[in-house]
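J.:
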Amino acid sequence: MLRLHEVALIYPNGVRAVLPTSITVPKGQFLVLLGPSGAGKSTLLRCLNGLVRPTQGDITIEGWGSIFQSGRTLREHRMRTGMIFQQHHLIDRLTALQNVMIGRIGAHGTFRSLFPLPRSDRIVALQSLERVGLIERALDRADKLSGGQQQRIGIARAMAQRPQIVLADEPVASLDPATGEKVLADLHRICREDGITAIVSLHQVDLARRFADRVIGLVNGRIVFDGSVSQLGQTTLDGIYLTSLSQTPKRQQWN
Ligand code: ADP
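Take a look at the structure:
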């Protein structure tokens, strides 16, 4: 179980990207964040991975306590947390397999990771590739793969970490709708099979409806909806997507 306790983030330029937020995410939940651009979805995901430190509040994991307790706790949290990005962040000149093996580096100390990774890591990486249906492309260079395949490699790399939590920031935003749905279906299936908690920001409401156990709607850093897909009616969606258009820029609004 993952908990945010009154987490808020103000960037140094004064933008209040996330207003005080408290939520509990049960283990294995597939949680989708919806909201217009600038709502604070990426910032929230970056806080959850400890990439940015909230200016207020805390993030705890059941059995571990605060992820910010020490540098070591934060490193351990990151090892248990797989990240998936919109632009995959693959290394073009490396093969699919080498990219996926990058997911294993965090499992070793800095010194050990300077040497070739053990065979067992190669096996984990190959298994991850198999789970996204790309085992036969293992030795192809990443830049020779299609957008959908590259994002599958991104998913396989995250899964090679053997994560307990996956954070995905607009993972299918750069794919065509049909490919995006298939890629998200793969991510959803693997998270279900492994009991991974997933927090996924999406632009596509139809995909949220199809896959989410729970949807959180964000507008200007504030949660305006938190419920199941069945509660996500048109009025709620208008509240998420239209409210932001009618609001003044947040620095003026909240100062
Ligand atoms: P979303 O992912 O929903 O599009 P973001 O979390 O990227 O939203 O952005 C939330 C707000 O924080 C926006 O107003 C954005 O301009 C601002 N913001 C994002 N990153 C930074 C940053 N590094 N420095 C200052 N402001 C930022």
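Residue numbers (my numbering): 1212 to 1466. C-beta: ideal position from N, C-alpha, C; glycine also. Nothing here was measured: the structure is a model prediction, and the numbers come from that model.
Candidates 1228, 1358 and 1445: which alpha carbon is nearest residue 1263's?
T.: Cα-wise, what sits closest to residue 1263 is 1228.
J.: Under 9 Å, do residue 1354 and residue 1387 count as touching if we go by C-beta distance?
T.: Contact flag unset, no.
J.: Since residue 1415 and residue 1391 are thought to touch, with beta carbons under 8 Å apart, how far apart are those beta carbons, to the nearest angstrom?
T.: About 7 Å separates the two Cβ atoms, so the contact holds.
J.: Which residue marks the beginning of the alpha helix (DSSP H) containing residue 1364, and which one marks its end?
T.: Element bounds for residue 1364: 1358–1371.
J.: Applying the 10 Å Cβ sphere with the 16-neighbour rule, what's the burial state of residue 1441?
T.: The residue in question, residue 1441, is exposed, as its Cβ has fewer than 16 Cβ neighbours within 10 Å.
J.: For a test of your reading of the model: does the CB of residue 1250 fall under 8 Å from any non-hydrogen atom of the ligand ADP? Yes or no.
T.: True, at least one ligand heavy atom lies under 8 Å from that Cβ.
J.: With a CB to CB cut of under 7 Å and the five nearest residues on each side skipped, what residues in its chain are close to residue 1297?
T.: Taken in chain order, the residues that qualify are 1380, 1381, 1382, 1384 and 1385.
J.: Considering only residues of the same chain and omitting the five flanking positions on each side of residue 1397, which have a CB-CB separation below 7 Å?
T.: Excluding residues within five positions, the ones whose Cβ falls inside 7 Å are 1343, 1363 and 1366.
J.: First and last residue of the beta strand (DSSP E) that includes residue 1303?
T.: That residue, residue 1303, is in no beta strand (DSSP E); it is neither H nor E in DSSP.
J.: Is the CB-CB distance between residue 1261 and residue 1279 below 9 Å?
T.: Their beta carbons are under 9 Å apart, which means residue 1261 touches residue 1279 by this criterion.
J.: Just checking residue 1260 against the ligand ADP - is the residue's beta carbon closer than 8 Å to any of the ligand's heavy atoms?
T.: No, Cβ of residue 1260 sits at least 8 Å from all heavy atoms of the ligand ADP.
J.: Could you give the DSSP three-state label for residue 1389: helix, strand or coil?
T.: Three-state result, residue 1389: helix.
J.: State the DSSP-derived secondary structure class of residue 1217, mapped to helix, strand or coil.
T.: Strand, per DSSP.
J.: With residue 1467 and residue 1377 assumed to form a contact (beta carbons below 8 Å), what rounded beta-carbon distance in angstroms separates them?
T.: Only positions 1212 to 1466 of the chain appear in this structure, which leaves residue 1467 out of reach.
J.: Return the chain-ordered ranges of every alpha helix (DSSP H) run that is complete within the stretch 1262–1311 and spans a minimum of 4 residues.
T.: Listed in chain order, the complete alpha helix (DSSP H) runs (minimum 4 residues) inside the stretch 1262–1311 are 1282–1290.
J.: Under 7 Å Cβ to Cβ from residue 1453, same chain only, skipping five residues before and after it: list those, please.
T.: Counting only Cβ-Cβ distances below 7 Å, and skipping sequence neighbours, we find nothing.
J.: Any contact of the stretch 1241–1252 with the stretch 1419–1432, i.e. 3+ C-beta pairs under 8 Å?
T.: With a cut-off of 8 Å, the stretch 1419–1432 and the stretch 1241–1252 count as touching, because enough Cβ pairs lie within range.
J.: Report the CB separation of residue 1372 from residue 1408 in whole angstroms; it is logged as a contact under 8 Å.
T.: Incorrect: roughly 14 Å between the Cβ atoms, too far for contact.
J.: Are the CB atoms of residue 1308 and residue 1333 nearer to each other than 9 Å?
T.: Yes, the Cβ-Cβ distance between residue 1308 and residue 1333 is below 9 Å.
J.: Mark residue 1224 as exposed unless 16 or more other C-beta atoms lie within 10 angstroms of its C-beta, in which case mark it buried.
T.: Residue 1224 should be labelled exposed.
J.: Per DSSP, residue 1352 forms a beta bridge with which residues?
T.: In DSSP, residue 1352 forms a bridge with 1306.
J.: At the level of alpha carbons, what is the spacing between residue 1273 and residue 1284?
T.: Their backbone Cα atoms lie some 13 Å apart in a straight line.
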